[in-house]
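In our numbering, the protein residues as written are 1 to 342.
To start, the structure under review is shown below, and the notes come after it.
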């Protein structure tokens, strides 16, 4: 394999809308040999025009290895499938399209069918966790040998000093219904104590949901305690992690949850919902609660605030996990190995 054509969403490098999928794309591709990139603007997976994708695939010579981000490829089988015999196509599925929350039932059915047609036609499907791979195999009827697990990597990071070891909470995620910050606000409203919480993440993806969060914060009188920090990258994000005593991930759906390993790389315990492979990734370094349940989140927070012995144990486990996290070079190596076999 000498050249890989990688097709990415147009916002892959937009610092105002950072996402785990975009970070994965960028970091994994940095380690691939001979990469040629095409970033395609559009409201994927339902763009106004597919002409850019059609042109990019048509321009690829016969037999070229093409890695497509699933958000670009999976909703448009009418463009991808006709090229599947001519090109060596692989699709990287960060999240199955139908797993996005807030979709109308007809959209769920349509996107699911489109994704199935796409992933059945290409030579390889890449998932970010064992849980995600098994779901794709079972749900779309794929041969197990066609689906490959390539987990995200993690950058080494200094231990986070935290604030007082207890009270400063950090949630790093786009403000969208799937990330369920509304449940975190509802949970915090039930918890006493001198806590503060930073919600760090893009606010452009769903303006109505962001306004819902703002109204919830006002309704509960938490404006002085919950900070909507917007998207944080670089030094600002590092500073947010450094100040965090506990990272909270209240998602309704994930396939991996890169925020978990980013927290563990800094020795920060995590309170997360039991979705996808989160519990497996987290191990004993955090608290896991059922998804979609503000009361369960509140109970998890009370457990954190009220039990210093448990806090110390969780911090110890988080620090122990730091040395077990694979680097991004391993992600690139595994991805390259999959593509070389197409």
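Idealized CB from N, CA, C, for every residue including glycine.
Under the DSSP definition of a beta bridge, which residues are partnered with residue 196?
168
In chain order, what residues of the same chain lie with their CB nearer than 6 angstroms to the CB of residue 166, ignoring the 5 residues before and after it?
245
I'd like to check one pair, residue 68 with residue 91: are the Cβ atoms closer than 8 angstroms?
yes
If residue 93 and residue 126 are in contact, beta carbons under 8 angstroms, what's the gap, nearest whole angstrom?
7 angstroms
How is residue 244 classed by DSSP in three states: helix, strand or coil?
coil
Which residue wins for smallest C-alpha separation from residue 272, given the options 187, 253, 233 and 287?
287
When the Cα atoms are used, what is the spatial distance from residue 153 to residue 269?
18 angstroms
Counting only runs of 4+ residues fully inside the segment 32-97, write out the alpha helix (DSSP H) ranges in chain order.
51-59, 70-73 and 77-80
Taking 7 angstroms as the limit between beta carbons, can you name the residues of its chain near residue 182, skipping five residues before and five after?
212, 213 and 216
Just tell me which of 66, 172, 145 and 189 has its CA closest to the CA of residue 236.
172
For residue 87 and residue 122, I'd like the C-alpha separation in whole angstroms.
9 angstroms
Would you kindly work out how many angstroms separate the C-alpha atoms of residue 164 and residue 336, rounded to a whole number?
43 angstroms
Taking a contact to mean a Cβ-Cβ separation below 8 angstroms, would you say residue 31 touches residue 329 in this structure?
yes
Would you mind working out which of 40, 162 and 55 sits nearest residue 240, comparing C-alpha positions?
162
I need the DSSP call for residue 156, collapsed to helix, strand or coil.
coil
Pick from 12, 89, 238 and 80 that is closest to residue 117, judged by C-alpha positions
80
Ends of the beta strand (DSSP E) at residue 8?
4-9
Comparing alpha-carbon positions, which option in 95, 57, 26 and 313 lies nearest residue 83?
57
Apart from the five residues just before and just after residue 345, which ones in its own chain have a Cβ nearer than 8 angstroms to its Cβ?
This structure leaves residue 345 out entirely; the chain is present only between 1 and 342.
Report the residue from 149, 8, 187 and 238 whose alpha carbon sits nearest the alpha carbon of residue 277.
149
Are residue 338 and residue 124 touching if we call contact CB-CB under 8 angstroms?
yes
Assumed close pair residue 344, residue 12 - CB separation to whole angstroms, cut-off 8 angstroms
This structure leaves residue 344 out entirely; the chain is present only between 1 and 342.
The beta strand (DSSP E) with residue 148 in it runs from where to where?
147-149
Going straight from the alpha carbon of residue 231 to that of residue 17, what length do you get?
7 angstroms
Quick test of your reading: residue 76 and residue 95, contact by CB under 8 angstroms. State the CB separation rounded to the nearest angstrom.
Contact doesn't hold; Cβ gap of about 17 angstroms is too wide.
Whose C-alpha, out of 3, 292 and 29, is nearest the C-alpha of residue 65?
3
Is residue 128 helix, strand or coil when you go by DSSP?
coil
Option in 97, 282 and 120 with minimal Cα separation from residue 109
97
Below 8 angstroms on the Cβ atoms is my guess for residue 106 versus residue 184; work out the distance and round it to an integer in Å.
Not quite, the Cβ-Cβ distance comes to about 30 angstroms (not below 8 angstroms), so this is no contact.
Indicate whether residue 156 and residue 59 have their beta-carbon atoms separated by less than 8 angstroms.
no
Is it a yes or a no for the segment 315-328 touching the segment 288-302, going by three-plus beta-carbon pairs under 8 angstroms?
no
Within 10 angstroms of the Cβ of residue 307, are there 16 or more other Cβ atoms? Answer buried if so, exposed if not.
exposed
What residues are listed by DSSP as bridge partners for residue 295?
Answer by DSSP bridge pairing: none, since residue 295 is not bridged.
Under the DSSP definition of a beta bridge, which residues are partnered with residue 289?
273
My guess is that residue 303 and residue 28 are in contact by the Cβ rule of under 8 angstroms, so how many angstroms apart are they, rounded?
With 8 angstroms as the limit, residue 303 and residue 28 do not qualify as a contact, their Cβ atoms being about 36 angstroms apart.
Could you check the C-alpha separation between residue 142 and residue 115 for me, to the nearest Å?
12 angstroms
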